[in-house]
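A.B. asks:
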Amino acid sequence: MPTLRTTTLTALLVATTFAGAQSKKVVFLSGQNEDVGYTRIISELAREYQKQHPNVSYEYQNNTTDMTQKLQLLAGSNNLPTLYSIGEPSLLQQLYAKGEVVDLEQTFKRLGIANQLNPVAVDINKKLEGGKLLGLPLELNIEGVWYNKKLFADNGIKEPKTWDEMLAAAEKFKQKGIQPFSASGDQGWPLTRLIGGYAERYYGSDAMDRVKAGTLKLTDPGFVQAATTVQDMGKKGYFGPGVNTVDYDTAVDTFLQGKAAMFYMGSWELRNFNDPKRNVIGASNIGFFNIPAVKGGKGTMNDWSINTGLVVAVNQKQNDAALGDWMKYVFSNYGTRSMSELGALTGFKVNKMPANVPALTTMTQRKLDSAKKGYLWFEGYFSPKATSLSQKNVQLLVTGDMTPQDFLGQLQNGK
Amino acid sequence: MNRVLSDWRAILVFVGPALLLYTGIVLIPILWSLGLTTYEGSPITGFHRVGAANFVRLLHDATFFKALWFGTRYAVFVSAGQVIFGLLLALMYAFYLKKTSALVRTLVFLPVVLPTVAVAQMVSKLFAIVPQYGLVNSALHALHLDSLVQAWLGQGGTAFWIIAAMDIWKAMGFYAILLYTGLVDIPEETIEAARLDGAQGWSLARFVVLPLLAPITVASLIFSLNGTLKVFDSIMALTGGGPGNATTPLTLLFYKTSFTYSEYGYGSTLALTLAVQCLIVTLLIFWRARRSGA
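Heads up: the sequence lines are chains A and B, in that order. Its first residue numbered 1, the first sequence is counted upward by one per residue in the numbering used here. Its first residue numbered 1001, the second sequence is counted upward by one per residue in the numbering used here.
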């Protein structure tokens, strides 16, 4: 009878294997806490889906170390999770070239949910990711300067239209003993955004595209002027004391507690601006203006810095039917849920507009709709190395320990 | 004993597992890293041979020389501090506090067992300027020395001294114990005899105690220098190498080069220079110690 026994055993094994193939585990790795922003919405939807489909389980992993390093090590050992946040578009393209990343436009079309995507958000992502949609547009942000309306009114200052007006306002605040800008030098990028913003106004909204194409150099006069201006702002103390030790949350709180007049930030912070527990100065007290114009510059205040937030990629090796159904559920509901729960703008369609959208969100949405041209952040096209150099060395730039020429020269070489 | 050591099976049992582990997690990665110095790339982009290009690049890399200089300066100051303060503490335990030193020894040793990250958190709060003044800045403010209130950790110059002070404070208890055991080993009669000959205080220390303590002092120096040349955690936790790269030693630089910039080959080359530096320092100390011993 050994043959029969073997056959039964084989049949059993085959049966288990098939059962195993049907159960699926979706793992989402992100550096963001699970209870905020897009991680919260995805986790909520995924858990709902798990209730209806117990064979598709979900796990959220919070990464607290350097994300780029972690991803490189995971990719090197073939262990990438199902979904993951990824900060450098250049790294994402490398992974795509290795067949690790899902082409989302194709996949969404196949799943019949392509109409859930906002075309503007798709365009921004494709521009960033070498012509393919490799990242989920989980946010749709515009960036600019948020300001404390009361502080402006009390000191007789109007919303600045030019860079010079903005600096004059800053000087006035400083004289009155009010910190002009809140900024996280620990993060670095809130400072390099100002350099990028200035350059966009100087050269026009295609400045960084031209740098990428090689027709413009980061060492050209417009960039030197931009870096010099931001350096002067730092040396004059416009960013407050010890800007390089200010971490992200401290910068947010400094502004929301009324200790600084202006704050360059993206609209993803609306979730905190709309949170009365954190926002001491009140949501109605916050105004918003675009990076002001530069004398003789080609860019206008109709060009906005627009992005879709930290890119989230999907693992091609796990892109099967079960994941397709999961994505269909999660991303058909994502836009609506984000709006109703967080008042957040995303790159997904809002199928049912909630009754009470916060005023600040509506205002931001209007500015976003009015945008004529969008441009990416300063380091959008940079390599991981140049990105790191830019965000680290800007600390030396604003304290005057590095010249603008040296700062830009290193970026031009490292890009 | 000789019988045991001539039995290859005994050797295999005693040394084998440790050797296997050591080979697997130390020797092979070292050789691997050595091999990588002639390649460039990362596991994602793939590797390609570049020959000696990484070494040529090293010679023209200002960031490398800056990190080398920072690391060396740091190692010299911190090792000197750790061993000198350790020695002073040990002398205090042995000659001043004598039998009652247990409590002081414990207190001074305590920071050694604390996790570096926790210590760094404490120190960064101590020297904070935002969102509130830390202890140091508040004290300066209270004494009306507001011109001295500054971002201690946000400037390369002051950050260096804070990192150095923290690492000296954290490790001096360890070297104190090490040197104290050496002091306890010096026979009482020798000291008595020196005292009868009229040696006391400084001359007793200079001509009797310190020479007898030399071997253990050399060992401490080697420990300390190799530890401080390879400093990583305290700087990572305190400043992350910043502002800019003002407090970046070689360890942080090759870590960043490999894992953030995806340049595994050049990262390995940087790591090799650190290994060579450690080797040179150790050999120098040995050579010096042997010459003065002879």
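Note that the Cβ used here is the ideal one computed from N, Cα and C, for glycine as well.
For a contact meaning CB atoms closer than 8 angstroms, what does A75 (chain A) contact in chain B?
C.D. replies: Locating residue 75 (chain A) in the first sequence gives position 75, where the first residue counts as 1. Near A75 (chain A) (Cβ distances below 8 angstroms), the residues of chain B are P1043 and I1044.
A.B. asks: Return the residue from the list A:M353, A:T245, A:L256 and A:N290 that minimises the CA-CA distance to V280 (chain A).
C.D. replies: If you number the first sequence from 1, residue 280 (chain A) lands on position 280. Taking only the C-alpha atoms, the option nearest V280 (chain A) is A:L256.
A.B. asks: Please report the residue range of the beta strand (DSSP E) in which L83 (chain A) lies.
C.D. replies: Locating residue 83 (chain A) in the first sequence gives position 83, counting from the first residue. L83 (chain A) -> beta strand (DSSP E) spans L83 to I86.
A.B. asks: Do you know offhand how far L1021 (chain B)'s Cα is from G188 (chain A)'s?
C.D. replies: Here residue 1021 (chain B) corresponds to residue number 21 of the second sequence, with the count starting at 1. Here residue 188 (chain A) corresponds to residue number 188 of the first sequence, with the count starting at 1. Spanning the two alpha carbons is a distance of roughly 42 angstroms.
A.B. asks: Anything in chain A within Cβ reach of A1246 (chain B), meaning under 9 angstroms, just list it in chain order.
C.D. replies: Within the second sequence, the letter at position 246 stands for residue 1246 (chain B). Going along chain A in sequence order, the residues near A1246 (chain B) (Cβ under 9 angstroms) are Q395, L396 and D401.
A.B. asks: Assuming the contact rule is C-beta atoms closer than 8 angstroms, A183 (chain A) and Y248 (chain A) should be a hit. Round their C-beta distance to whole Å, please.
C.D. replies: Along the first sequence, one-based indexing puts residue 183 (chain A) at 183. Along the first sequence, one-based indexing puts residue 248 (chain A) at 248. Incorrect: roughly 10 angstroms between the Cβ atoms, too far for contact.
A.B. asks: Does A261 (chain A) get closer than 8 angstroms to chain B when you measure Cβ to Cβ?
C.D. replies: Numbered from 1 along the first sequence, position 261 holds the residue referred to as residue 261 (chain A). A261 (chain A) does not count as touching chain B.
A.B. asks: Are the beta-carbon atoms belonging to N155 (chain A) and P137 (chain A) less than 8 angstroms from one another?
C.D. replies: As a working note, residue 155 (chain A) is residue 155 in the first sequence. As a working note, residue 137 (chain A) is residue 137 in the first sequence. No, the Cβ-Cβ distance between N155 (chain A) and P137 (chain A) is not below 8 angstroms.
A.B. asks: Where do the ends of the beta strand (DSSP E) carrying Q395 (chain A) lie?
C.D. replies: As a first step, residue 395 (chain A) is located in the first sequence; it is residue number 395 there, counting from the start. Premise fails: Q395 (chain A) lies in the alpha helix (DSSP H), P384 to T399, not in any beta strand (DSSP E).
A.B. asks: In whole angstroms, what separates the C-alpha of V394 (chain A) from that of L1204 (chain B)?
C.D. replies: Indexing the first sequence from 1 puts residue 394 (chain A) at position 394. Indexing the second sequence from 1 puts residue 1204 (chain B) at position 204. So the alpha carbons of these two residues sit roughly 55 angstroms apart.
A.B. asks: Closer than 7 angstroms by C-beta to A1194 (chain B): which residues in its own chain qualify, once you throw out the five before and the five after it? Chain order, please.
C.D. replies: As a position in the second sequence, residue 1194 (chain B) is number 194, starting the count at 1. Closer than 7 angstroms at Cβ, skipping near neighbours: L1204 and V1208.
A.B. asks: For A1294 (chain B), I'd like the list of residues in its chain whose CB is within less than 6 angstroms of its CB, leaving aside the five on either flank, ordered along the chain.
C.D. replies: The residue given as residue 1294 (chain B) occupies position 294 in the second sequence. For A1294 (chain B), the predicted model reports a pLDDT of 41, less than 50, meaning its position is unreliable; a value from the coordinates is still stated below. Within the same chain, A1294 (chain B) has no close Cβ partners at all.
A.B. asks: Excluding the 5 residues flanking A1246 (chain B) on each side, which residues of the same chain have their C-beta closer than 6 angstroms to its C-beta?
C.D. replies: For the purposes of this step, residue 1246 (chain B) is taken as the residue at position 246 of the second sequence. Answer for A1246 (chain B): G1156, listed in chain order.
A.B. asks: So, does the CB of P384 (chain A) fall closer than 8 angstroms to a CB anywhere in chain B?
C.D. replies: Your numbering for residue 384 (chain A) matches position 384 in the first sequence. It does; some Cβ of chain B falls within 8 angstroms.
A.B. asks: Quick check on the burial criterion: 16 or more other C-beta atoms within 10 angstroms. Buried or exposed for S1006 (chain B)?
C.D. replies: As a first step, residue 1006 (chain B) must be located in the second sequence, where it is residue number 6. Label assigned to S1006 (chain B): exposed.
A.B. asks: Kindly indicate which residue of A:I41, A:V26 and A:D35 has the alpha-carbon position closest to the one of S332 (chain A).
C.D. replies: Mapped onto the first sequence, residue 332 (chain A) falls at position 332. Selected option, being the one with the closest Cα: A:I41.
A.B. asks: Under 8 angstroms between the Cβ atoms of K1256 (chain B) and S388 (chain A)?
C.D. replies: Taking the first residue of the second sequence as position 1, residue 1256 (chain B) is located at position 256. Taking the first residue of the first sequence as position 1, residue 388 (chain A) is located at position 388. In contact: K1256 (chain B) and S388 (chain A) (Cβ atoms closer than 8 angstroms).
A.B. asks: Specify the secondary structure class of E341 (chain A) as computed by DSSP and reduced to three states.
C.D. replies: Looking up residue 341 (chain A) in the first sequence gives position 341. When secondary structure is reduced to three states using DSSP, E341 (chain A) falls in the helix class.
A.B. asks: With a floor of 4 residues, list each alpha helix (DSSP H) that falls wholly inside the region 44 to 111 of chain A, ordered by position along the chain.
C.D. replies: Qualifying alpha helix (DSSP H) stretches, in chain order: 67 to 76, 89 to 97 and 104 to 111.
A.B. asks: With a threshold of 6 angstroms on Cβ separation, who are the neighbours of F1232 (chain B) within its own chain once the five nearest residues in sequence on each side are excluded?
C.D. replies: Here residue 1232 (chain B) is taken as the residue at index 232 of the second sequence, counted from 1. Excluding sequence neighbours, F1232 (chain B) sits near T1251.
A.B. asks: Going by the DSSP bridge assignment, what does W1169 (chain B) pair with across the sheet?
C.D. replies: By one-based count along the second sequence, residue 1169 (chain B) stands at place 169. Beta-bridge pairing links W1169 (chain B) to no other residue.
A.B. asks: Just checking: is the beta-carbon of S23 (chain A) within a distance shorter than 8 angstroms of some beta-carbon in chain B?
C.D. replies: Here residue 23 (chain A) refers to the residue found at position 23 when the first sequence is read from its first residue. For S23 (chain A), the answer is no, since every Cβ of chain B falls outside 8 angstroms of its Cβ.
A.B. asks: Suppose you measure from the CA of L45 (chain A) to the CA of V330 (chain A); what does that come to, to the nearest Å?
C.D. replies: Here the question's residue 45 (chain A) lines up with position 45 in the first sequence. Here the question's residue 330 (chain A) lines up with position 330 in the first sequence. Distance between the alpha carbons of L45 (chain A) and V330 (chain A) is about 6 angstroms.
A.B. asks: Hey, would you say Q179 (chain A) sits closer than 8 angstroms to K98 (chain A), going by beta carbons?
C.D. replies: Taking the first residue of the first sequence as 1, we reach residue 179 (chain A) at position 179. Taking the first residue of the first sequence as 1, we reach residue 98 (chain A) at position 98. Not closer than 8 angstroms, so no.
A.B. asks: Can you find a CB in chain B that lies within less than 8 angstroms of the CB of P241 (chain A)?
C.D. replies: Here residue 241 (chain A) corresponds to residue number 241 of the first sequence, with the count starting at 1. Yes - at least one Cβ of chain B is within 8 angstroms of the one on P241 (chain A).
A.B. asks: Assign V1015 (chain B) to one of two classes, buried (16 or more other C-beta atoms within 10 Å of its C-beta) or exposed (fewer than that).
C.D. replies: Counting from one through the second sequence, the residue named residue 1015 (chain B) turns up at place 15. Around the beta-carbon of V1015 (chain B), fewer than 16 other beta-carbon atoms lie within 10 Å, marking it exposed.
A.B. asks: If we count the other Cβ atoms within 10 Å of its Cβ and call it buried at 16 or more, is D35 (chain A) buried or exposed?
C.D. replies: Here residue 35 (chain A) is taken as the residue at index 35 of the first sequence, counted from 1. With fewer than 16 other Cβ atoms within 10 Å, it is exposed.
A.B. asks: When the cut-off is 8 angstroms and only beta carbons count, does K277 (chain A) lie next to chain B?
C.D. replies: Locating residue 277 (chain A) in the first sequence gives position 277, where the first residue counts as 1. No, because no Cβ of chain B sits closer than 8 angstroms to the Cβ of K277 (chain A).
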